Every structure is written in structure tokens, then in C-alpha cells.
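Participant: The sequence shown begins at 1 in UniProt numbering and counts up one residue at a time.
Glycine is no exception: its CB is placed at the ideal position from the N, C-alpha and C atoms.
Keep in mind that this is a model prediction, so the values were computed, not measured.
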Amino acid sequence: MSEAFSKAFKHVLEQLGKNVPEAVIMEKMPEFRDGAFVVNRYIPATPPLLGMALKTPLPGITSAENLGKIERFAKRRGLGLFIEGDNIYLVTRDGVRRALLRPDLFAATTPQLFENIGKTFYNISPDLVSELETKEGFSAAIARILADKMLVTKAVVALFIILTPALWIAISSFLTESLFYPRWAMILSGIVGIGITVYVVRLYFRENFPELFEKTDTALLKTNPGSGEKQRETAAPVKE
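(1) Check whether the Cβ atoms of S74 and L67 sit closer than 7 Å, and answer yes or no.
(2) Tell me the residue span of the alpha helix (DSSP H) that contains F121.
(3) List the endpoints of the continuous beta strand (DSSP E) containing N66.
(4) In chain order, what residues of the same chain lie with their CB nearer than 6 Å to the CB of H11, ignoring the 5 residues before and after it?
(5) How many whole angstroms separate the CB atoms of L105 and A45, which I take to be in contact at a CB cut-off of 8 Å?
(6) Starting from the Cα of T223, find the closest Cα among A23, E3, F5 and give me that residue.
(7) Would you identify the three-state DSSP class for G35, choosing helix, strand or coil?
(8) Looking at R102: is its Cβ nearer than 7 Å to the Cβ of D86?
(9) Give me the residue from P59, G95, T56, I88 with the minimum Cα distance to I70.
(10) Using DSSP bridges, identify the partner residues of A107.
(11) So what does DSSP say about V24, is it helix, strand or coil?
(12) Evaluate E133 with the Cβ neighbour count: other Cβ atoms within 10 Å of its Cβ, from every protein chain shown; 16 or more gives buried, anything less gives exposed.
(13) Quick check: the Cα distance between L49 and T120, rounded to an integer number of angstroms?
(14) For the beta strand (DSSP E) containing F180, name the first residue and the last one.
(15) Going by beta-carbon coordinates alone, are G51 and A8 separated by less than 7 Å?
(16) Report the rounded CA-to-CA distance for N40 versus M29, giving the unit in angstroms.
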């Protein structure tokens, strides 16, 4: 997940908390870097977008062939397209704009979507997932699943929970009759065992996989009423 996006999100959140007008945030937006990714644009919208302005525009982004790839990319995320000149928006069924692609810039509302767009369509630190993103066919679908880092992380979480000794002790306490302890004591020990399991798992993964707990979405930003209204963009109709 793009650290640059997360840092930019925290910066904007802090500025809005100080009642800084959106127009000022947009004008004075600093650069946040994470490897090849840079977040240097704030776009007032509903919700706002954070993006990367390119030094060298990519005119091929708006080509008919590329639009087909973008549409497949969007549909896999439950989104549609709305095209306005050179601006290609990925929008929800309600018309809420979740991302913007254009020759000189791309932006999104979440770090994962921002990073996926950059890798897939702007050739920024591409990986196996981004190379397979717009491919079709069963083999490509399987490869995408196997290469999905978040899916692998979730699988590790599930395996970790299953193999946690405290969980099996808790299950044993629920299922086993004891010759020495009353039933309520066994049930209580099972509940304690499950509690320990949940605590240990959350502690471990909060430390090692923070992306599972942190939600970075510009829809959470509370914009200042009346600030930057001229720049603010509204919802758009969906092109299915």
C-alpha cells in the first residue's frame, strides 16, 4: 500500500482540522514520496482525490484500446466509467468519483486504488498483478489471485488463527467434559482462551500488518463548508 498516499492523507486531514481552505491546501500541497510513487496533488471533490502529477504526460491513456482495459479494471472493483474530455473517472453505481485518470495525472480516494492505477496504466513500479490486471481468461484470473498480496496476507491471518494453541485449548474446553471441574468452569476457560486468541492475533497483526487495521479513504475527510466550492466536483453519472 502506498505510504506516500497515507502521508498525504494525514497531511490533508491535519490541514482540514485547522480549517485551512481547500483552495489553499490544493495550492500549497507538498510532495510525499514512496519509491517511484509521489502524491503531490489535492483535488477538491466529493469525496476529495489525492493524486500524482506526471512530469511527462501519457497521451495513450485516453486511446480506445486503453479505455477497454480501464473498463475491465473498473468492473473488477465494482466501478463504472464516466468520461469527460481527457478526464476518465472511475465511479460507483451512485456516481461517486473514486478515481481520475488523465494523460498528465492520476488520482484516487484510497491508497490501494491509487497504487493499482499507477502500476497498471502508468507503468510505475509494475509487478505481476499489474501485468495481469487487464488480461482475460481463466489462467490470468488464477494468477491474479495467487499474486494478490492482500489475499496472501488474509490467508496468513486465517492460518495463524487456526494454528494458535489458545484457540484449540478454548475449543477443547467447550467440547470436553471434565471429571474435576464443573461445566461452567470449562465454558469460562473456553471463553478466556478465545479472548486470549483474539488479543494475541490482533496484537501481532496490528504490528506486522497495519494495513489490515488502518482505513485510509478520502471519503473520511471532513471538508470545510464553503471552502473551495468553485473547485469542488460533484457526482457523475455511471457509464455501464
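Facilitator: Taking the definition as stated:
(1) For the purposes of this step, residue 74 is taken as the residue at position 74 of the sequence shown. For the purposes of this step, residue 67 is taken as the residue at position 67 of the sequence shown. One detail in the question is off: residue 74 reads as Ala in this sequence, not Ser. No, these two residues do not count as a Cβ contact at 7 Å.
(2) Residue 121 sits at position 121 when you count from the first residue of the sequence shown. Taken as a continuous stretch (DSSP letters only), the alpha helix (DSSP H) holding F121 covers 111–121.
(3) Walking along the sequence shown from the start, residue 66 turns up at place 66. Per DSSP, N66 belongs to no beta strand (DSSP E); it is in the alpha helix (DSSP H), 64–75.
(4) Translated into the one-based positions of the sequence shown, residue 11 becomes position 11. Shown here for H11: not one same chain residue has a beta carbon closer than 6 Å to its own, the five before and five after excluded.
(5) Your numbering for residue 105 matches position 105 in the sequence shown. Your numbering for residue 45 matches position 45 in the sequence shown. 13 Å between Cβ atoms; not a contact.
(6) Translated into positions along the sequence shown, residue 223 becomes position 223. The shortest C-alpha to C-alpha distance from T223 to any of A23, E3, F5 is the one to A23.
(7) Here residue 35 is taken as the residue at index 35 of the sequence shown, counted from 1. G35: coil per DSSP, three-state reduction.
(8) Mapped onto the sequence shown, residue 102 falls at position 102. Mapped onto the sequence shown, residue 86 falls at position 86. Yes, they are a contact pair.
(9) Position 70 of the sequence shown holds residue 70. Of P59, G95, T56, I88, the residue nearest in Cα terms is I88.
(10) As a position in the sequence shown, residue 107 is number 107, starting the count at 1. Looking at the DSSP output, A107 bridges to G51, L100.
(11) Position 24 of the sequence shown holds residue 24. In this structure, V24 counts as helix in the three-state DSSP scheme.
(12) As a position in the sequence shown, residue 133 is number 133, starting the count at 1. The Cβ neighbour count for E133, taken over all protein chains shown within 10 Å, is at least 16; the residue is labelled buried.
(13) Indexing the sequence shown from 1 puts residue 49 at position 49. Indexing the sequence shown from 1 puts residue 120 at position 120. Looking at the two C-alpha atoms, the distance is approximately 19 Å.
(14) Here residue 180 refers to the residue found at position 180 when the sequence shown is read from its first residue. Taken as a continuous stretch (DSSP letters only), F180 belongs to no beta strand (DSSP E), as it is neither H nor E.
(15) Residue mapping note: residue 51 aligns to position 51 of the sequence shown, counting from 1. Residue mapping note: residue 8 aligns to position 8 of the sequence shown, counting from 1. In this structure, G51 lies away from A8, with their beta-carbon atoms at least 7 Å apart.
(16) On the sequence shown, position 40 is the one that residue 40 refers to. On the sequence shown, position 29 is the one that residue 29 refers to. Using only the alpha carbons, I get a separation of about 6 Å.
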